[in-house]
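Here is the structure we will look at.
2 protein chains.
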Amino acid sequence: MITPSHLAFVPFVSVHNMMKLVHHIGLERVLTEMAAEIEADFRRWPDFDKTPRIAAHSDVGVIELMPTSDGETYGFKYVNGHPGNMKRGLQTVTAFGLLADVATGYPVLLSEMTILTALRTAATSAMAAKFLAPPGAATMALIGNGAQAEFQALGFKAICGVTEVRLYDIDAAATAKCADNLAGRGLKVVTCTTAEDAILGAQIITTVTADKQYATILTDNMVGSGVHINGVGGDCPGKTELHRDILLRSTIFVEYPPQTRIEGEIQQLSPEHPVTELWQVIMGTAPGRSTVQEVTLFDSVGFAIEDFAALRYVRSKLAETGLFTQLDMIADPDDPRDLFGMLMRAI
Amino acid sequence: MITPSHLAFVPFVSVHNMMKLVHHIGLERVLTEMAAEIEADFRRWPDFDKTPRIAAHSDVGVIELMPTSDGETYGFKYVNGHPGNMKRGLQTVTAFGLLADVATGYPVLLSEMTILTALRTAATSAMAAKFLAPPGAATMALIGNGAQAEFQALGFKAICGVTEVRLYDIDAAATAKCADNLAGRGLKVVTCTTAEDAILGAQIITTVTADKQYATILTDNMVGSGVHINGVGGDCPGKTELHRDILLRSTIFVEYPPQTRIEGEIQQLSPEHPVTELWQVIMGTAPGRSTVQEVTLFDSVGFAIEDFAALRYVRSKLAETGLFTQLDMIADPDDPRDLFGMLMRAI
Numbered sequence: 351m352i353t354p355s356h357l358a359f360v361p362f363v364s365v366h367n368m369m370k371l372v373h374h375i376g377l378e379r380v381l382t383e384m385a386a387e388i389e390a391d392f393r394r395w396p397d398f399d400k401t402p403r404i405a406a407h408s409d410v411g412v413i414e415l416m417p418t419s420d421g422e423t424y425g426f427k428y429v430n431g432h433p434g435n436m437k438r439g440l441q442t443v444t445a446f447g448l449l450a451d452v453a454t455g456y457p458v459l460l461s462e463m464t465i466l467t468a469l470r471t472a473a474t475s476a477m478a479a480k481f482l483a484p485p486g487a488a489t490m491a492l493i494g495n496g497a498q499a500e501f502q503a504l505g506f507k508a509i510c511g512v513t514e515v516r517l518y519d520i521d522a523a524a525t526a527k528c529a530d531n532l533a534g535r536g537l538k539v540v541t542c543t544t545a546e547d548a549i550l551g552a553q554i555i556t557t558v559t560a561d562k563q564y565a566t567i568l569t570d571n572m573v574g575s576g577v578h579i580n581g582v583g584g585d586c587p588g589k590t591e592l593h594r595d596i597l598l599r600s601t602i603f604v605e606y607p608p609q610t611r612i613e614g615e616i617q618q619l620s621p622e623h624p625v626t627e628l629w630q631v632i633m634g635t636a637p638g639r640s641t642v643q644e645v646t647l648f649d650s651v652g653f654a655i656e657d658f659a660a661l662r663y664v665r666s667k668l669a670e671t672g673l674f675t676q677l678d679m680i681a682d683p684d685d686p687r688d689l690f691g692m693l694m695r696a697i
Numbered sequence: 351m352i353t354p355s356h357l358a359f360v361p362f363v364s365v366h367n368m369m370k371l372v373h374h375i376g377l378e379r380v381l382t383e384m385a386a387e388i389e390a391d392f393r394r395w396p397d398f399d400k401t402p403r404i405a406a407h408s409d410v411g412v413i414e415l416m417p418t419s420d421g422e423t424y425g426f427k428y429v430n431g432h433p434g435n436m437k438r439g440l441q442t443v444t445a446f447g448l449l450a451d452v453a454t455g456y457p458v459l460l461s462e463m464t465i466l467t468a469l470r471t472a473a474t475s476a477m478a479a480k481f482l483a484p485p486g487a488a489t490m491a492l493i494g495n496g497a498q499a500e501f502q503a504l505g506f507k508a509i510c511g512v513t514e515v516r517l518y519d520i521d522a523a524a525t526a527k528c529a530d531n532l533a534g535r536g537l538k539v540v541t542c543t544t545a546e547d548a549i550l551g552a553q554i555i556t557t558v559t560a561d562k563q564y565a566t567i568l569t570d571n572m573v574g575s576g577v578h579i580n581g582v583g584g585d586c587p588g589k590t591e592l593h594r595d596i597l598l599r600s601t602i603f604v605e606y607p608p609q610t611r612i613e614g615e616i617q618q619l620s621p622e623h624p625v626t627e628l629w630q631v632i633m634g635t636a637p638g639r640s641t642v643q644e645v646t647l648f649d650s651v652g653f654a655i656e657d658f659a660a661l662r663y664v665r666s667k668l669a670e671t672g673l674f675t676q677l678d679m680i681a682d683p684d685d686p687r688d689l690f691g692m693l694m695r696a697i
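First to last, the sequence lines map onto chains G and R.
Counting in the working numbering, the first sequence runs from 351 upward without gaps.
Counting in the working numbering, the second sequence runs from 351 upward without gaps.
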């Protein structure tokens with residue numbers, strides 16, 4: 351057996367190594383540093399190839415590919431969304447991702463992204479709130495206490511200075527799990543039995559529920575003036591969380607309009623309804639929040655550039671930590687024209 | 351450290367294991383069985399989700415994602431095409447692919463596909479020729495003697511009964527390499543110094559060159575009546591191999607017209623130029639070759655369903671051979687809502 355060349359190997363970050371990496375760096379520091387990377391990539395938004403994700407829908411869920419490129423590095427994420435999985439003991443969302451060198455097309459990183467997606471989603475939400483939430487916002491309602499909830503809570507703590515989270519889920523066991531996990535992490539945690547209770551005194555409302563349906567997690571009368579809504583769970587066609595009336599009186603910020611029009615809360619509105627692209631707010635070329643009374647909504651569906659930034663962040667940590675293995679994934683014969691010879695000599 | 355559940359693991363076929371798998375089964379048997387799988391999937395063509403591949407082009411190459419689904423299994427391939435790679439000692443084409451369960455979105459196979467793409471391309475070419483080449487065709491010109499050439503030669507031997515291959519490449523070293531590799535494999539191998547010489551007496555002409563440009567590997571006067579042309583190398587925008595006049599007097603067969611119009615030889619023709627979908631010939635709902643004098647052209651660019659069939663073939667061989675490893679790629683907490691808890695307990 352001939353040993354593969356070093357070109358045949360792709361660094362791979364397993365679930366195990368991703369967890370070790372988070373602990374090595376520290377969760378809140380990871381969230382903060384990743385948010386900075388995402389913000390930096392939003393600041394060079396026009397440099398990226400952008401396309402709405404490529405979705406394969408079925409009756410029970412969706413499988414998506416989310417590619418992007420900055421001309422130097424190419425990245426994509428594979429991600430599914432299957433709301434019925436939980437009842438079968440499976441994750442609603444699982445993911446993995448890849449970076450490749452645009453100059454050669456060779457992969458340079460393969461990584462688990464189930465955990466990384468939860469991290470990057472929380473980092474993006476908190477980064478957006480830094481620009482959109484009312485000044486001094488310290489209390490957040492967290493509606494939907496599933497797999498992503500704790501990441502959101504700690505992202506807002508680390509990046510926005512949130513000190514209190516008010517939890518609500520239609521499943522009280524999910525709320526108990528979330529409160530348990532957040533205990534002792536420097537946040538005041540209040541468990542609530544209704545959404546109305548959860549939003550009491552909250553300047554930020556995060557909705558992160560998983561049902562694949564037109565749901566109404568929030569109705570118009572529940573949203574007071576000056577609130578920032580971080581809408582995370584409405585992220586595919588036929589899946590929304592907010593009553594349409596809330597959208598009509600909110601200033602709406604989105605990642606990539608061609609994707610959000612299909613997948614976000616704004617699928618409930620006409621295709622011409624005005625929205626602001628978040629990257630323009632970050633760049634200072636479009637206004638963010640204009641008044642204290644304004645209701646702002648970040649209609650987040652998740653965009654490929656966030657995954658790209660998260661994968662690059664992970665890649666930047668590999669040399670110093672060694673938390674990866676080498677995967678023999680690329681056939682690389684000594685003579686590149688001699689793939690057949692390599693195969694035949696492998697006997 | 352908590353051990354991951356079995357759901358966290360994705361069977362992975364490395365380059366090493368793919369080579370062992372091919373030797374375990376035998377190369378010609380692999381090509382023949384894979385062609386049968388591809389043909390079977392062409393027979394249920396309407397059952398598949400089909401989309402032109404999603405391409406990210408740069409000055410030096412292209413990176414593509416090729417997804418498809420039959421409603422039960424989802425598959426995609428990552429593949430690059432970088433003609434300049436060879437000069438840097440790298441493969442022009444590298445690839446890997448994935449299968450997933452549509453019902454849950456969980457991946458069920460990750461595999462190298464550089465070798466597998468060469469196998470499936472040869473299997474598809476030979477399968478198409480079975481339906482399109484003139485009866486009794488036994489001599490094939492093979493123009494372009496790079497990484498895919500030997501696979502094409504042996505595919506046509508195993509599946510179509512070709513007994514003689516006539517090799518030509520602008521690089522004589524590539525022809526020598528190819529002739530060397532094919533020696534002793536039951537084919538009469540003739541090395542030629544011009545394309546004109548290579549096509550002498552050939553009933554089948556396979557073109558599989560790699561330059562990313564509008565090239566003219568064959569001109570009209572070189573193609574005699576009754577020949578079947580297997581055009582493999584013209585497979586992206588701006589990359590063709592055949593003079594337009596050849597196309598105008600050929601009956602043209604394609605995989606998936608929306609993709610081939612962009613990428614194939616027929617990018618040189620008007621978008622209305624009539625073409626026949628190969629799957630309809632296989633099903634008997636469209637004519638294949640009608641006369642002995644007819645020039646037939648399989649304008650092959652490679653389609654996702656071929657990769658899907660190839661991956662399913664590999665997957666079907668894993669239990670009996672054990673030629674895979676388990677990759678810890680999917681985070682799978684005991685309580686699917688408790689991704690955070692899994693992460694925190696991993697310390």
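Every residue, glycine too, gets a C-beta built ideally from N, C-alpha and C.
Please read all numbers here as calculations on a predicted model, not as lab measurements.
Min CB distance residue i to chain G below 8 angstroms
i: R/Ile375; result: no
i: R/Ala406; result: yes
i: R/Asn435; result: yes
i: R/Phe653; result: no
i: R/Arg470; result: no
i: R/Pro637; result: no
i: R/Met679; result: yes
i: R/Val458; result: no
i: R/Gly581; result: no
i: R/Val664; result: no
i: R/Gln676; result: no
i: R/Glu500; result: yes
i: R/Asp397; result: no
i: R/Ser419; result: yes
i: R/Val452; result: yes
i: R/Phe481; result: no
i: R/Gly687; result: Note that residue 687 of chain R is Arg in the sequence shown, not Gly. True, the Cβ-Cβ gap to chain G drops below 8 angstroms.
Cβ of residue i within 8 angstroms of any chain R Cβ
i: G/Thr464; result: yes
i: G/Tyr428; result: yes
i: G/Ala522; result: no
i: G/Tyr424; result: yes
i: G/His356; result: no
Residue j beta carbon less than 8 angstroms from that of residue i
i: R/Phe648; j: R/Leu482; result: yes
i: G/Val335; j: G/Val651; result: Here chain G covers residues 351 to 697 and nothing more, so residue 335 of chain G does not appear.
i: G/Ala681; j: R/Ile465; result: yes
i: G/Ser364; j: G/Glu462; result: yes
i: G/Leu448; j: G/Phe426; result: yes
i: R/Ile555; j: R/Asn580; result: yes
i: G/Thr557; j: G/Leu598; result: no
i: R/Leu689; j: G/Ala468; result: yes
i: R/Cys528; j: R/Ala499; result: yes
i: G/Ala476; j: G/Gly505; result: yes
i: R/Val631; j: R/Pro607; result: no
Bridge partners - residue i, DSSP secondary structure assignment
i: G/Gln676; result: G/Pro361
i: G/Tyr701; result: Past the boundaries of the shown model lies residue 701 of chain G; chain G is included only from 351 to 697, so the question cannot be answered.
i: G/Lys427; result: G/Met416 and G/Gly447
i: G/Asn580; result: G/Thr556 and G/Phe648
i: G/Tyr518; result: G/Ile493
i: G/Ala406; result: G/Ile413
(message) Whether or not the stretch 430-447 of chain R and the stretch 670-680 of chain R are in contact is what I'm after, with contact meaning three or more pairs of Cβ atoms, one per stretch, closer than 8 angstroms; do they touch?
(response) no
(message) Please list, in chain order, the residues of the stretch 587-608 of chain R that have any C-beta partner in chain G closer than 9 angstroms.
(response) none
(message) Closer than 8 angstroms is the cut-off here; do at least three beta carbon pairs connect the stretch 382-390 of chain G with the stretch 398-412 of chain R?
(response) no
(message) Tell me which residues of the stretch 502-518 of chain R have at least one Cβ-Cβ distance to chain G shorter than 8 angstroms, keeping chain order.
(response) none
(request) Could you tell me whether the stretch 411-426 of chain G touches the stretch 438-447 of chain R, using the rule of 3 or more Cβ pairs below 8 angstroms? (result) no
(request) Using a Cβ-Cβ cut-off of less than 9 angstroms, list which residues of the stretch 359-392 of chain G approach chain R; keep chain order. (result) Val360, Phe362, Ser364, Val365, His366, Asn367, Met368, Met369, Lys370, Val372, His373 and Leu377
(request) Decide if the stretch 559-569 of chain G is in contact with the stretch 533-541 of chain G; the criterion is three or more beta carbon pairs, one per stretch, under 8 angstroms apart. (result) no
(message) Does the stretch 511-529 of chain R come into contact with the stretch 480-494 of chain R, if we say contact requires no fewer than three beta-carbon pairs (one atom in each stretch) closer than 8 angstroms?
(response) yes
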